[in-house]
Amino acid sequence: MYKIAIFVFFIIVNISNKYVIAENDEDISTDLYVIEGKVFPWENGGPNGWQLMTHVMANGGEHYGFLREDGTFIISNVPSGSYVIEVVNPNFVYEPVRVEINSKGKFRARKVNLIQTSQVIQVPYPLKMRPLTPFRYFQVREQWRVTDFLFNPMVLMMILPLLLIMILPKIMNDPETRKEMEQLNNFTNYNMPEMSEVITSFLSGGEKQKSKAVKAAKKRQ
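Mature numbering (1 follows the signal peptide of the UniProt record, and there is no 0) puts the sequence shown at residues -22 to -1, 1 to 199.
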């Protein structure tokens, strides 16, 4: 009798565990959500069939969504959590958006900020994804400009002397500027002695010192 009671107890426990697991599976399968939004083309409309070249992915490819003809999309069977939604197109760059789904099924969308993660800038939901700029796979070839020619060092070395030759005589013919130049020359001549005077004074000073030394030696003798 005791063994039969234990056997019945184990059967009841196993049945209850299976029932709880089945309920949990049902809860997990029903708590799935749908992320929806719309992708807009470039201002000029983009190439024909741009919808076929564009797809939307969440968290780098965990979930995918494809565009309809009007640009709308849905990403289905998404559990609650945080997802980075990206639009992939070979011709244009789209700004990613983070979508957060809480356990109650409420959606909140905000911009992705990898530098200041605490900063929250909300965006409207359903999402509206617009292109930022076209992709540039090749560097644009530089065009010839006149400024490049004028600021060339070789050209500057040729042009500046010619300008000085043409402008300086006109400046010197002006009486006011001539007076100023003469005053500057007189001032420099007054303050700065000539090199010949400096050399003669230096040499004469050296000869005087030698003569004084000779006289002192003679007196000692």
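For glycine and all other residues, C-beta sits at the position ideal for the given N, C-alpha and C.
Checklist entry - With distances taken from CA atoms, which of R114, E158, G49 is nearest P104? => result Of the listed residues, the one whose Cα sits closest to P104 is G49.
Next on the checklist: Please tell me whether P25 and N55 are closer than 8 Å, where the distance is taken between their beta carbons.
Outcome noted: No; because the gap between Cβ atoms is not below 8 Å, this pair is not in contact.
Checklist entry - So V17 is in the beta strand (DSSP E); what residue range does that whole segment cover? => result Counting along the chain, the beta strand (DSSP E) containing V17 begins and ends at 11 to 17.
Checklist entry - V98 to E120, Cα distance in whole Å? => result Each residue's Cα considered, the two are about 40 Å apart.
Checklist entry - By DSSP, does M135 sit in helix, in strand, or in coil? => result In the three-state DSSP reduction, M135 falls in the helix class (H, G or I).
Checklist entry - With burial defined as no fewer than 16 other Cβ atoms inside 10 Å of the residue's Cβ, what is the status of I63: buried or exposed? => result With at least 16 other beta carbons inside 10 angstroms of its own, I63 counts as buried.
Item to check | Chain-order list of residues whose beta-carbon lies under 8 Å from that of K84 (same chain, five-residue window excluded) | outcome: Apart from sequence neighbours up to five positions away, no residue of its chain approaches K84 with a beta-carbon distance below 8 Å.
Next on the checklist: Can you look up P109 in the DSSP assignment and give me helix, strand or coil?
Outcome noted: P109 falls in the strand class under three-state DSSP.
Checklist entry - Just the Cα atoms here: how many angstroms apart are M35 and F51? => result Approximately 11 Å, taken between the alpha carbons.
Checklist entry - Cα separation between I53 and T95? => result Distance between the alpha carbons of I53 and T95 is about 25 Å.
Checklist entry - When the Cα atoms are used, what is the spatial distance from S7 to V118? => result Here the model assigns S7 a pLDDT of 42, short of 50, so the residue's position is not dependable and the matter cannot be decided.
Checklist entry - Mind pulling the beta strand (DSSP E) runs of 3 or more residues that sit fully within the stretch 76 to 129? => result Entirely contained in the stretch 76 to 129, the beta strand (DSSP E) runs reaching 3 residues are, in chain order, 85 to 89, 105 to 107, 109 to 112.
Next on the checklist: Relative to the C-alpha of R86, which candidate in Q100, L92, P74, L110 has its C-alpha closest?
Outcome noted: The candidate whose alpha carbon is nearest that of R86 is Q100.
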